[in-house]
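In this note's numbering, the protein residues as written are 207 to 629.
Below: one structure, written as structure tokens.
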Ligand SMILES: Cc1cc2nc3c(=O)[nH]c(=O)nc-3n(C[C@H](O)[C@H](O)[C@H](O)COP(=O)(O)OP(=O)(O)OC[C@H]3O[C@@H](n4cnc5c(N)ncnc54)[C@H](O)[C@@H]3O)c2cc1C
């Protein structure tokens, strides 16, 4: 080895990086740094890497989205997101994964998945590459209580004191603790003087105090949903809705859950108004029901809508819409009764009293305050050589592949910046 390359070799070997968390952002950071010959060690509290990735997209992993922009994210300031997405857009994401051997399948709505539709493919290609480029993994190990002394981050692991030149916190958020999530990442940030924007559950199911909703448990429909907070219209969505024994779930509910969750956390009144037949306007629905009544002869009041609505919905509507007492058969239903039924179908009000919380939330809003993070490097403005990537930051995305994209993108920008500024 020549003197120059020996010097370079020793220099490179001296650059040690600890990454806490072998999730989406930790694995990608490790690969980029490992490829650049940094001495990388990833610490993971689970016994396996990428456990959360395996559950994403119902096991299919909605890895990114072709329509990605900063509009898909919630954050107090878009400067950081814009910078990161400019460096790592959808095309870059697809190229990076293709280079790892993972082809994309892109749905018509823009959501991207691995072509295999298996989240395990994503974890496998990432883990393989990280190992190939020499990354060391220390699994089943929870890291906390980190000190910074003599230009080194020091903590204990496997009964040893370990020290590193740089530290990347890729611990994710508090969402879904059974997958390894916890608040240690926030505590590490706090220990170094960082402000934490109070985390709250997002992309989460909503809980109602409506006692009749249990009767609808398991019914899945296409519905129009209006979210009202303190009686003010906040947003309207249309799509999948699932009634459950605690309240409401489904993609549309996840979409409105962030606003609901925040409103509940500050004591606001949250109401969801459902139109459970959005495909027909009021007049069409009235004429359809009028025709049904005419042709129903002596059908029972619970049977004349059979074949038109889900069985559980029929009973729920007839019992709760405010129909006159004493009606037994459909031929007793008059024009006014039909108006009452149609009004109910298009305006079912469900009070929301809570969310299912961090236990089932897909992501967390809140986290490490981005005003204390450098835009170009994701380095702390408080502690040099300390970096934060992924969901531990106060940035969360909508449903649709945006949260994983943020994990990949922030890791990409952070790790490449470390490589490019190697001393
Ligand atoms: C059920 C579910 C489905 C989802 N589906 C999608 C989807 O289809 N598309 C999408 O874009 N997003 C989805 N998400 C969100 C997405 O998974 C996360 O936003 C993303 O994984 C965040 O990446 P991360 O690297 O920041 O954190 P994570 O992937 O959560 O990784 C953090 C890792 O750090 C480890 N860790 C934490 N603290 C410590 C510590 N002190 N010491 C050692 N290890 C530690 C954890 O065990 C974990 O493995 C889903 C989330 C859930 C829960």
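Beta carbons: idealized from backbone N, C-alpha and C, even for Gly.
What number of angstroms, rounded off, separates the C-alpha of residue 525 from the C-alpha of residue 422? When only Cα atoms are considered, residue 525 and residue 422 end up about 13 Å apart.
Nearest-angstrom beta carbon gap, residue 619 and residue 244 [assumed within contact, 8 Å]: With 8 Å as the limit, residue 244 and residue 619 do not qualify as a contact, their Cβ atoms being about 16 Å apart.
CA-CA distance, residue 535 and residue 511? One C-alpha to the other measures close to 12 Å.
Using the Cβ count rule (16 or more neighbours within 10 Å means buried), how would you classify residue 545? exposed
Mark residue 320 as exposed unless 16 or more other C-beta atoms lie within 10 angstroms of its C-beta, in which case mark it buried. buried
Could you give the C-beta distance for residue 463 and residue 377, rounded to a whole number, given that I count them as a contact under 8 Å? Between residue 377 and residue 463 the Cβ distance is about 23 Å, and since that is not below 8 Å, they are no contact.
Rounded to whole angstroms, what's the CA-CA distance from residue 457 to residue 479? Just pull it up for me. 16 Å
Could you give the DSSP three-state label for residue 572: helix, strand or coil? Correct three-state label for residue 572: strand.
Hey, is residue 388 close to ligand 1, as in C-beta under 6 Å from one of its heavy atoms? Answer for residue 388: yes, Cβ within range of ligand 1.
Would you identify the three-state DSSP class for residue 418, choosing helix, strand or coil? coil
Cβ distance (whole Å) where residue 224 is taken to contact residue 359 below 8 Å: 6 Å
Alpha-carbon to alpha-carbon, residue 603 and residue 278: Rounded to whole angstroms, residue 278 to residue 603 spans 6 Å at the Cα level.
From the beta carbon of residue 464, is the nearest beta carbon of chain B less than 7 Å away? The structure shown has no chain B; it contains just one protein chain.
First and last residue of the beta strand (DSSP E) that includes residue 403? Taken as a continuous stretch (DSSP letters only), the beta strand (DSSP E) holding residue 403 covers 402-408.
Around the C-beta of residue 315, are 16 or more other C-beta atoms found within 10 angstroms, so that it is buried, or is it exposed? exposed
Below 7 Å CB to CB, which residues in the same chain sit around residue 281 once its five sequence neighbours on both sides are set aside? Same-chain partners within the cutoff: 287, 576, 600 and 601.
Would you mind listing the beta strand (DSSP E) stretches within the segment 247-332 that are 3+ residues and don't spill past its ends, in chain order? 310-312 and 317-320
Assign residue 532 to one of two classes, buried (16 or more other C-beta atoms within 10 Å of its C-beta) or exposed (fewer than that). So residue 532 counts as exposed.
Residue 472 classed as buried or exposed, judged by whether at least 16 other C-beta atoms fall within 10 angstroms: exposed
Close beta carbons around residue 468, own chain, < 8 Å, minus the five adjacent residues each side: 406 and 571
What is the rounded straight-line gap between the Cα of residue 290 and the Cα of residue 269? 17 Å
Taking only three categories from DSSP, how would you classify residue 622? helix
Quick one: which unbroken alpha helix (DSSP H) runs of 4-plus residues sit fully inside the segment 435-511? Chain order, please. 457-471 and 488-500
If you compare alpha carbons, which of 271, 415 and 343 is closest to residue 252? 343
Sort 353, 336, 255 and 556 by Cα distance to residue 591 and report the nearest one. 353
Buried or exposed for residue 292, please, with buried defined as at least 16 other CB atoms from any protein chain shown within 10 angstroms of its CB. exposed
Own chain, CB closer than 7 Å to residue 446, minus 5 neighbours either side, in chain order: These residues qualify, in order along the chain: 426, 428, 456, 457 and 458.
From which residue to which residue does the alpha helix (DSSP H) around residue 550 run? 541-552
Candidates 239, 271, 412 and 587: closest to residue 400 by CA position: 587
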